[in-house]
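Chains A and B are the protein sequences, given in the same order. Add 27 to the 1-based position in the first sequence for the working numbering, that's all there is to it. Add 27 to the 1-based position in the second sequence for the working numbering, that's all there is to it. Structure record follows, encoded as structure tokens.
Number of protein chains: 2
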Amino acid sequence: MRQLRKPYLLFLGDVDLKSDAKTAFGLRDWCRNDVMGEWSLPAATVSLDLPRHSPSQAAALGAGSIVVGVAAVGGVLPAHWLPELEAALDAGMDVVSGLHSRLTSFPSLVQAAQRGGGRLHDVRHSDQVFAAGTGRKRSGQRVLTVGTDCALGKKYTALALTRALTARGVPATFRATGQTGIMIAGAGVAVDAVIADFIAGAAEALSPDNAADHWDVIEGQGALFHPAYAGVTLGLVHGSQPDALVLCHDPSRDTVEGYPDCPIPDLQHAIDRYLEAARLTNRQVRCVGVSINSSSLTDAQWQAYAASVELKLGLPVVDPMRGGVDALADALLAR
Amino acid sequence: MRQLRKPYLLFLGDVDLKSDAKTAFGLRDWCRNDVMGEWSLPAATVSLDLPRHSPSQAAALGAGSIVVGVAAVGGVLPAHWLPELEAALDAGMDVVSGLHSRLTSFPSLVQAAQRGGGRLHDVRHSDQVFAAGTGRKRSGQRVLTVGTDCALGKKYTALALTRALTARGVPATFRATGQTGIMIAGAGVAVDAVIADFIAGAAEALSPDNAADHWDVIEGQGALFHPAYAGVTLGLVHGSQPDALVLCHDPSRDTVEGYPDCPIPDLQHAIDRYLEAARLTNRQVRCVGVSINSSSLTDAQWQAYAASVELKLGLPVVDPMRGGVDALADALLAR
């Protein structure tokens, strides 16, 4: 599993669109205690409203890594951002990036890392070797967020559920499977970046044996009904051996995003298919609830929608952004 | 897609177990016209009964590649085999290997390849970049072999079916997804070696648009019910967009090989699950028959078993080794 060095200095480059700084805002919101501050170039117009520290100041205050918190055009790291990252490396920090272009492809960064003794983390890519899945049942409890599509709240739901469990004194760990999640957790496996033969094995490595009452809350990826990414999803389901599933859904979508010929399945059908897939490695698996991304609905619409889905499925229905996920935590802990 | 240069010289090293030369025998049996001869070290005790040519003789006769046709202990290429491979490279040939250890990790081979202008092909590994699956429907017909487990005849069935179609004058191409298949076909994609995000995309690239009456016969991988490899299987199903499936099964197995807690599903259940998965990208998909690896059965047992499965499923049941696959070809072409 990849391990990152906290606390973070969040680097915004010369960003001028808030939406391009999604990663930085996510880190601020989900691991505020691990974020020391922000840094950006003079042309930047977006701020996180955090203390500003230069790389060398941050290093002196004990920062472990500078994190590229913005999406650059085409996923390419602009050359004029490099001096700030080199300064962080020269001060002994690591650099963390989720961009397509690899930090290790920039000789000046590799050299600065060698000078400073820091590491370059390309969290979108995987450099770790995993074994094939074994199917061996592991100790501890696991809940996995699954979805009717990509990008509709699986990470957010898992983070919120981890918080809700921790607030009740239940030992729980968020297990990250995507780049932003890995930055938030400071550890994890980008399962979509591993060699196909080892998807389930990587998922097994992500949530190792644990105390009997401990919950791993595992960030889901993709969807079983997605024509490009279902293989990743299925391997993650099998390797996670979940005791519980939470289905995530966005009622504004009729078809898989970017695949207009691919309808989003009925929720009960989706739950049945996920449970069947998960039973292969955990016959006790159950679905404990549904997490809705209801941003397209008015309050009144949301109330009506949630009530109708609850009635139909007989499961708690939440939106983490509208009332939180306590009902999911209740269902998870009810035995 | 990887492309290999035929004809082949099959290299046996110093093999003394016929079972270790499975790849070489497979190539001899399935692409005899592409095999110029064999070569081995003096200590070898296994022969393919083919003409013996040294690498330089073979190159003079027009050989394109020397193929490592034996499994070495631990998948590692023994150092004392290198001089023969270097001789082939110096004579202008390529080297093809399916071993775990990469040809490119041996400096003497890399240097010899540079001298001779040949290429080093590690068919177990993937060096190609694929796009994510698009789900776009492609022209031409496709049949995919799927299975209740790994290693029970999916490649063999696909090869036999390709032969049966070709014998009838039906345009058909075997599409290889594993290393031995790629060597036989001289082209293909090792789908279990691609980055997880691109399994379906790689499968799409493997069987591009084709003439309306052309059949791609695609070698399946893994099994939907396999706790380690189901992700590869599902991505391959989705990207292949099969019009037809053939289910492969070995009745001597009660559980997935190496996974004693994982029962092999009922055949009808397996067919239903595969059809459901395949419908995501091709709603017209149908199962045209079952291919049995009946090596554990006597002739009488096989007759009784085949009859009972045919009756139960209402589908043709064949063993390619016992009577061939004509019934599958009939079912495929029946409309």
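We put the beta carbon where it would ideally sit given N, CA and C, even for glycine. It should be emphasised that the depicted structure is a prediction, and the values quoted were computed from it without experimental measurement.
Cut-off 7 Å between Cβ atoms - residues of its own chain near residue i, not counting five sequence neighbours on either side
i                : result
Ser267 (chain A) : Arg169, Leu171, Ala230, Ser234 and Ile245
Cys437 (chain A) : In this structure chain A extends from 28 to 362, so residue 437 (chain A) is not present and cannot be described.
Leu88 (chain A)  : Met63 and His80
Val221 (chain A) : Ser153, Phe157 and Ala229
Met28 (chain B)  : Ala214, Gly215, Val216, Ala232 and Leu233
Ala48 (chain B)  : Leu39, Val42, Val73, Gly96 and Val97
Gln393 (chain A) : Here chain A covers residues 28 to 362 and nothing more, so residue 393 (chain A) does not appear.
Counterpart residues of residue i in DSSP-defined beta bridges
i                : result
His148 (chain B) : B:Val123
Arg313 (chain A) : A:Ala271
Gln30 (chain A)  : A:Ala214
Phe52 (chain A)  : BP columns for Phe52 (chain A) are empty, so no partner.
Gln168 (chain B) : B:Trp242
Ser92 (chain A)  : A:Tyr35 and A:Asp121
Gly174 (chain A) : A:Cys275
Gly64 (chain B)  : B:Leu36
Ser135 (chain B) : None; Ser135 (chain B) has no bridge partner.
Ser153 (chain A) : Answer by DSSP bridge pairing: none, since Ser153 (chain A) is not bridged.
Val221 (chain A) : According to DSSP, which records beta bridges pairwise, Val221 (chain A) is partnered with nothing at all.
Gly350 (chain A) : A:Asp346
Contacts that residue i makes with chain A (C-beta to C-beta distance below 7 Å)
i                : result
Gly160 (chain B) : Pro254 and Ala255
Neighbour list for residue i in chain A, Cβ cutoff strictly below 9 Å
i                : result
Leu294 (chain B) : Result: empty, since nearest Cβ-Cβ is about 17 Å, beyond 9 Å.
Sequence-distant residues of its chain with Cβ nearer than 8 Å to residue i (five each side left out)
i                : result
His253 (chain B) : Asp176, Cys177, Thr260, Val283, Tyr286 and Cys289
Ala238 (chain A) : Ser166, Gly167 and Pro198
Asp281 (chain B) : Pro290 and Ile291
Alpha-carbon to alpha-carbon, residue j and residue i
i                : j                : result
Ser153 (chain B) : Ala140 (chain A) : 29 Å
Arg349 (chain A) : Ser124 (chain A) : 31 Å
Trp108 (chain B) : Gly40 (chain B)  : 6 Å
Gly167 (chain B) : Lys33 (chain B)  : 26 Å
Ile211 (chain A) : Ala227 (chain B) : 29 Å
Thr308 (chain A) : Gly162 (chain A) : 6 Å
Val62 (chain B)  : His276 (chain A) : 55 Å
Ala51 (chain A)  : Asp353 (chain A) : 26 Å
Gln295 (chain A) : Ser323 (chain A) : 21 Å
Thr72 (chain A)  : Ala214 (chain B) : 52 Å
Gly174 (chain A) : Leu54 (chain A)  : 22 Å
Trp242 (chain A) : Asp219 (chain A) : 23 Å
Ile93 (chain A)  : Asp149 (chain A) : 12 Å
Tyr183 (chain B) : Ala223 (chain B) : 26 Å
Arg146 (chain A) : Asp56 (chain A)  : 25 Å
Phe201 (chain A) : Ala185 (chain A) : 7 Å
Gln84 (chain B)  : Gly91 (chain B)  : 12 Å
Ala115 (chain B) : Gln30 (chain B)  : 18 Å
Ala327 (chain B) : Arg195 (chain B) : 30 Å
Met120 (chain A) : Gly144 (chain A) : 8 Å
Leu292 (chain B) : Cys314 (chain A) : With the sequence shown as reference, residue 292 (chain B) is identified as Pro, and Leu is not the correct amino acid for it. Looking at the two C-alpha atoms, the distance is approximately 23 Å.
Val336 (chain B) : Pro347 (chain B) : 16 Å
Arg151 (chain B) : Ser135 (chain B) : 20 Å
Tyr191 (chain A) : Pro269 (chain A) : Looking at the sequence shown, residue 191 (chain A) is not Tyr but Ala. For Ala191 (chain A) and Pro269 (chain A), the distance between alpha carbons rounds to 18 Å.
Leu37 (chain B)  : Ala304 (chain A) : 42 Å
Val312 (chain A) : Arg306 (chain A) : 6 Å
Tyr301 (chain A) : Leu251 (chain A) : 8 Å
Val137 (chain B) : Thr131 (chain B) : 6 Å
Ala99 (chain A)  : Ala99 (chain B)  : 46 Å
Leu188 (chain A) : Gln330 (chain B) : 56 Å
Residues of its chain near residue i, where Cβ-Cβ distance is below 6 Å and the 5 sequence neighbours each way are ignored
i                : result
Gly316 (chain A) : Val273, Leu342, Pro343, Leu355 and Ala358
Arg165 (chain B) : Asp236
His127 (chain B) : Gly102
Ser67 (chain B)  : Leu39
Gly262 (chain B) : Ile226 and Ala227
Tyr256 (chain A) : Gly249
Contact list for residue i against chain B, beta-carbon separation under 9 Å
i                : result
Cys289 (chain A) : Gly162, Leu307 and Thr308
Neighbouring residues, chain B, relative to residue i (Cβ below 7 Å)
i                : result
Gly228 (chain A) : Ala255
Tyr286 (chain A) : Gly162
Contact set between residue i and chain B, taken where Cβ atoms lie within less than 8 Å
i                : result
Asp224 (chain A) : Asp219, Ala220, Ala255, Tyr256 and Val259
Using a Cβ-Cβ cut-off of less than 7 Å, list which residues of the stretch 248-264 of chain A approach chain C; keep chain order. Although the question refers to chain C, the structure presented lacks it and instead comprises the protein chains A and B.
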